[in-house]
Amino acid sequence: MSFAVSMLVFLGIASIIGTILKQNEPYENYIIKFGQFWFVFFEKIGLYDVYQSIWFLTILLFLVISTTLCVTKNTPIIFKDFLLFKDSLEEKSLLSFTHHLVLKNTKKVNLSRVINYLKLEKFKVREKSKDNGDILIVAKKGDFQRLGYIFTHVGVVVICLGGLLDGNLFFKAQELLGYKKIETLDIPASKVPKVSRLDITNPSFRANMTLAEGSSDNVAFVRKKDGYLVQDLPFKITLKDFRIEHYSTGMPKSFESDLIISDPELSQDITKTITVNHPFTYKGISIYQSDFQDGGTNLDIKLWNLLNSNAPQKINAKIFEKIKLDKDQLTYEFNDFRKFNILNLKEGVKEKPRNVGPSVTYKIRNNSGQAREYISYQFPMLIDDRSFFISGMRETPQEEFKYLKIPADKKGSIAEFISFKEALQNKILIEMVAKKMANRSVKSDNNSSVKQSFEDSVNKIMTLFVEGGFSNIAQNIDNNIPANEKEKAVQAYLKIIDIASIELYKSHFNLSDKEIDQSAIRFIQEALNAYSDMFLFGSPYYFELTNYEQKEASGLQLTKSPGQFWVYLGSLSLVLGIFSMIYLHERKLWLLIKAKGGAIIAVSSNRKNIDFELDYKKVSQAIKKIIQ
Amino acid sequence: MFTKLFKSSKISFVILNVLYLSLLLGGALYALKTFSSYMDIYEKAILLSSVGFFSWLGWNWNHFKKIIILVFALSLFAIQLYLGVLTNNEHVFLLKYLLSSQSAIMWMNVFFVLALVLYWLGLLAKNNLLDDIASSFTSTAVLFGFTGLLVRWYESYLIGLDIGHIPISNLYEVFILFCLITSLLYLFYEEKFNTKKLGAFVLIVINAAVGFILWYTFDRHADGVQPLVPALQSYWMKIHVPANFIGYGAFSIAAMVSIAYLLSAKKILASYLPKLAVLDDLIYKSIAIGFIFFTVATILGAIWAAEAWGGYWSWDPKETWALIVWLNYAAWLHYRIVKGLRGNVLAWWALIGLIITTFAFLGVNMFLSGLHSYGEL
Chain A
-6 MSFAVSMLVF LGIASIIGTI LKQNEPYENY IIKFGQFWFV FFEKIGLYDV YQSIWFLTIL
54 LFLVISTTLC VTKNTPIIFK DFLLFKDSLE EKSLLSFTHH LVLKNTKKVN LSRVINYLKL
114 EKFKVREKSK DNGDILIVAK KGDFQRLGYI FTHVGVVVIC LGGLLDGNLF FKAQELLGYK
174 KIETLDIPAS KVPKVSRLDI TNPSFRANMT LAEGSSDNVA FVRKKDGYLV QDLPFKITLK
234 DFRIEHYSTG MPKSFESDLI ISDPELSQDI TKTITVNHPF TYKGISIYQS DFQDGGTNLD
294 IKLWNLLNSN APQKINAKIF EKIKLDKDQL TYEFNDFRKF NILNLKEGVK EKPRNVGPSV
354 TYKIRNNSGQ AREYISYQFP MLIDDRSFFI SGMRETPQEE FKYLKIPADK KGSIAEFISF
414 KEALQNKILI EMVAKKMANR SVKSDNNSSV KQSFEDSVNK IMTLFVEGGF SNIAQNIDNN
474 IPANEKEKAV QAYLKIIDIA SIELYKSHFN LSDKEIDQSA IRFIQEALNA YSDMFLFGSP
534 YYFELTNYEQ KEASGLQLTK SPGQFWVYLG SLSLVLGIFS MIYLHERKLW LLIKAKGGAI
594 IAVSSNRKNI DFELDYKKVS QAIKKIIQ
Chain B
387 MFTKLFKSSK ISFVILNVLY LSLLLGGALY ALKTFSSYMD IYEKAILLSS VGFFSWLGWN
447 WNHFKKIIIL VFALSLFAIQ LYLGVLTNNE HVFLLKYLLS SQSAIMWMNV FFVLALVLYW
507 LGLLAKNNLL DDIASSFTST AVLFGFTGLL VRWYESYLIG LDIGHIPISN LYEVFILFCL
567 ITSLLYLFYE EKFNTKKLGA FVLIVINAAV GFILWYTFDR HADGVQPLVP ALQSYWMKIH
627 VPANFIGYGA FSIAAMVSIA YLLSAKKILA SYLPKLAVLD DLIYKSIAIG FIFFTVATIL
687 GAIWAAEAWG GYWSWDPKET WALIVWLNYA AWLHYRIVKG LRGNVLAWWA LIGLIITTFA
747 FLGVNMFLSG LHSYGEL
């Protein structure tokens, strides 16, 4: 017994490991976390799938065996006791009970009143006349408390066996014997060899399949360690439609998949809609709504190169597809499309997150295989009451995105920024502005050399900015200006950029001084910032998502679990057992009525506690009242 | 003659019972009739079973009956004041300051704090009157808490028909549930064991939860009604969560009484507290009832998981920690019942049990991620 308890304790401690170390992650994650040496060691002792590891299952098996032995040992004893009325006890043994009461001077005992009382108290009563004329009444109740022991322990055993039935012991054995092998290559399911396939007779599995809208399949994948197995299904599933509904706050409200199940054994297909919490079971296989992803959405994209003034290139792309453009030898990989993005834009401010509309995630990979990841949102977002087109970039998945914020114009489009940016890049326009500024600043005509040098500096500073943004300016100051004048130079340079840009904006859009209001000035500032940030963005491209045709894919989970019934049955037994062990009180009572007068009441219980004391007092006093 | 009749305790007992039963049945039938189309067969079954469960509780415990009748009255009154308009909780005086869910819950908090103070004064001054007041404050807190939850339930439907749901779906709500269930269990034992001296200890854990609720409300502003994620949209939530919290509540009481036990065993406060044997029995009974409900809750959770996640057991951190909690108390009961262990060891063990339970309840949500975080679909 104590063996079983120490097993339980060990089991408890072992299962903590699996809650601290995230289980069944891709192996690369573990390598990054632990390094190669510890990764291999932990892999050997099965820490990445603790609950299916040999040693864990062995403990479980030991637990089952030892508990079974306990039950088989104790059950006959309990049953014997269950049936037995101990009516052979003598006066001497009754007096040795801790709870007994000796009564003298009994009146003529009305036995039936005593028996009726005991029956009222739910005792089972038996009466025996002894040879010497004494009468012994034996009564007991709460026998089922003892059966509780059997129910709880059998319950635990049945639950464990049910669990083992659904575990992967069978597969483990096949893998050890070389009948099965985990597939680690990324190949089409149909190409996966037989050794990595589980056929339709496999009694128990938990597999996943992803179906794009309109597609169908008759295999699912079981993820194992660093690879997978292919589970063949006895029917074909087609995803007709997948829907996500949202609450007004933008939180997802429901996920629904319309499925068509085609079974060659049926003349007609089954159509069924499944949702979270409402799976569908067919041929012992339950189909669950588990997750969702993109199913190959079609995208219309305008690809702007912000470094030149060419018209944007129009691309038709599809999620999960790669595009290689001839002109730059870069590969564009489109990874994900989201129709809804629930974001909290004000950092640190308690504000309800809201939906900011569709986004595309993509990677741009160069010839040497290095890639940066990007995210582009279709619609401008309001940040501090100003509207921006947002794109994010990161070099590794561990990083946070760094964002490029392109100001949207009053029509909510990118056009004004593009037009202004083209003006910035137009040397002739910049020279014009420089001349204008020089004429204005240097009033008298005879100071032409000063004028010329002012004009040159404006030209130079603007060119520096146009070619590399603010960081280029900073670098130039660092290289050319003595340390003690840097601060001043920065101020002067920024001021010149500001004024020149406003001037440029004005002449480019044919605006009067009056029309340059606060909002226009902010727009110019934001446009300059965006232009400058572009140089830190890894690529000069801006993806404008103009249109999309969404196609979703539903993630289904398919399970076959023959152990479930046994687990539930065991649970029922367990609950019944615990209830009777705790809430049924076993009581045994003997009443010896002596032929020569006087009586002895003795009461026993297998649990001595306050309730027993109270019961003893109550019953013995009641009997005393009847017979004395 | 009528006054005499009315005074007779038997008659008022009957009247109370009839009133209670007719409220329960009437309420359930009204709900069935009016909202039938919004409920599935399981929800109807749960509604009717809850009538049975509450009748049984009321039949065995008079005080509970009185609290529930008052909860009924206050909640219906609050609903009348709303007139179906959510913003009335800012205009109608009684709603704004007393009966809107957030006000009622604040009053619950206030009464719990006062009850803690009074229980301690009563304990140290050996003053039974203070104990009685503390006890009735605890009942009042329960009254406000339940009213607050029921009104919140109603308010959630005023926010949006698709948003409305039973308020036991996030930490703010379940902490209130925890306070209520723990107090009710304690009040029951208080009456049964005829001692009000342990309130000083039990109210500590309740006030810890009150502290959490206040922090959650004022610092995190997380006291608003949030719509349910798809995984939680199930009738199972109505059974699984309360059953779990009866377990948590009972384990908490056991741990708090264990503190009293350990102090008393060291002769600290011993003369102020009930006898050790009584404390010991109370610890055992709390753990026993907690264990049964926790077992049932875990099994129901498994059945729900089989429906929502595709497997009755996924070794999700929350599940695994529930198993550890279960194993812990199973071993506790085993050593007490089968091996007959008693005394300080069991009291310490019950105290450690609460730490494990707290980790399973809160720690897992804070430190470990998994299915129960509802972060993903």
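Protein sequence lines, in the order shown, are assigned to chains A and B. Sequential numbering of the first sequence, starting at -6, is according to the working numbering. Sequential numbering of the second sequence, starting at 387, is according to the working numbering. Even for Gly, the Cβ is constructed at its ideal location relative to N, Cα and C. Here the structure is a predicted model, which means the values were calculated and not measured.
Check: Separation of residue 546 (chain A) from residue 306 (chain A), as counted between CA atoms; Outcome: 29 angstroms
Check: Buried or exposed by the 16-neighbour rule on C-beta atoms within 10 Å, applied to residue 497 (chain A); Outcome: buried
Check: Within-8 angstroms CB hit, residue 227 (chain A) to chain B; Outcome: no
Check: Members of the stretch 526 to 543 of chain B near chain A, C-beta cut-off 9 angstroms; Outcome: none
Check: Rounded separation between residue 524 (chain A) and residue 385 (chain A) - CA only; Outcome: 15 angstroms
Check: Distance, residue 522 (chain A) Cα to residue 399 (chain A) Cα; Outcome: 8 angstroms
Check: Beta-carbon spacing of residue 550 (chain A), residue 199 (chain A) below 8 angstroms; Outcome: yes
Check: Closer than 8 angstroms at the beta carbon, the chain A residues around residue 677 (chain B); Outcome: 571 and 575
Check: Euclidean distance between Cα positions of residue 504 (chain B) and residue 396 (chain B); Outcome: 33 angstroms
Check: Residue 742 (chain B) to residue 625 (chain B) span [Cα, whole Å]; Outcome: 23 angstroms
Check: CB-CB length for residue 290 (chain A) against residue 543 (chain A), believed under 8 angstroms; Outcome: 5 angstroms
Check: Buried/exposed call for residue 634 (chain A), threshold 16 Cβ in 10 Å; Outcome: Nothing about residue 634 (chain A) can be reported from this structure: the residues present for chain A run from -6 to 621 only.
Check: Three-pair Cβ contact test at 8 angstroms for the stretch 122 to 142 of chain A versus the stretch 564 to 573 of chain A; Outcome: yes
Check: Where residue 104 (chain A) falls: helix, strand or coil (DSSP); Outcome: helix
Check: CB contact below 8 angstroms: residue 843 (chain B) versus chain A; Outcome: Nothing can be reported for residue 843 (chain B): it is not among the residues displayed for chain B, which extend from 387 to 763.
Check: Unbroken beta strand (DSSP E) run spanning residue 383 (chain B), endpoints; Outcome: Residue 383 (chain B) lies beyond the stretch modelled for chain B, which goes from 387 to 763, so this question has no answer here.
Check: Proximity of residue 618 (chain B) and residue 1 (chain A) at Cβ, strictly below 8 angstroms; Outcome: no
Check: Interface residues of the stretch 621 to 635 of chain B facing chain A [CB-CB below 7 angstroms]; Outcome: none
Check: Same chain, Cβ closer than 8 angstroms to residue 766 (chain B), neighbours up to 5 away in sequence not counted; Outcome: Nothing can be reported for residue 766 (chain B), as the shown portion of chain B is limited to 387 through 763.
Check: Members of the stretch 465 to 487 of chain B near chain A, C-beta cut-off 9 angstroms; Outcome: none
Check: Buried versus exposed call for residue 567 (chain A) [16 or more other C-beta atoms within 10 Å across all chains shown]; Outcome: buried
Check: The stretch 89 to 97 of chain A / the stretch 608 to 620 of chain A touching (three or more Cβ pairs under 8 angstroms); Outcome: yes
Check: Straight-line Cα distance separating residue 67 (chain A) from residue 76 (chain A); Outcome: 15 angstroms
Check: Cβ of residue 710 (chain B) within 8 angstroms of any chain C Cβ; Outcome: Here chain C cannot be found, since the structure's protein chains are A and B.
Check: The alpha helix (DSSP H) enclosing residue 134 (chain A), as first and last residue numbers; Outcome: That residue, residue 134 (chain A), is in no alpha helix (DSSP H); its beta strand (DSSP E) goes 128 to 134.
Check: Proximity test, Cβ basis, 8 angstroms: residue 459 (chain B) and chain A; Outcome: no
Check: Residue 539 (chain A) and residue 295 (chain A) closer than 8 angstroms at C-beta; Outcome: yes
Check: Boundaries (first-last residue) of the alpha helix (DSSP H) holding residue 628 (chain B); Outcome: 623 to 651
Check: Sequence-distant residues of its chain with Cβ nearer than 7 angstroms to residue 516 (chain A) (five each side left out); Outcome: 400
Check: Where residue 245 (chain A) falls: helix, strand or coil (DSSP); Outcome: strand
Check: Burial state of residue 527 (chain A), where buried means 16 or more other Cβ atoms lie within 10 Å; Outcome: buried
Check: Element boundaries [beta strand (DSSP E), containing residue 297 (chain A)]; Outcome: 291 to 298
Check: Contacts around residue 668 (chain B), its chain only, beta-carbon distance under 7 angstroms, and the 5 residues preceding and following it disregarded; Outcome: 575, 579 and 643
Check: Span of the alpha helix (DSSP H) around residue 181 (chain A); Outcome: Taken as a continuous stretch (DSSP letters only), residue 181 (chain A) belongs to no alpha helix (DSSP H), as it is neither H nor E.
Check: Spatially closest choice to residue 668 (chain A) from A:206, A:207, A:216 and A:222, by CA coordinates; Outcome: Since the first residue shown for chain A is -6 and the last is 621, residue 668 (chain A) is missing from the structure and cannot be characterised.
Check: Any chain A beta carbon closer than 8 angstroms to residue 701 (chain B); Outcome: yes
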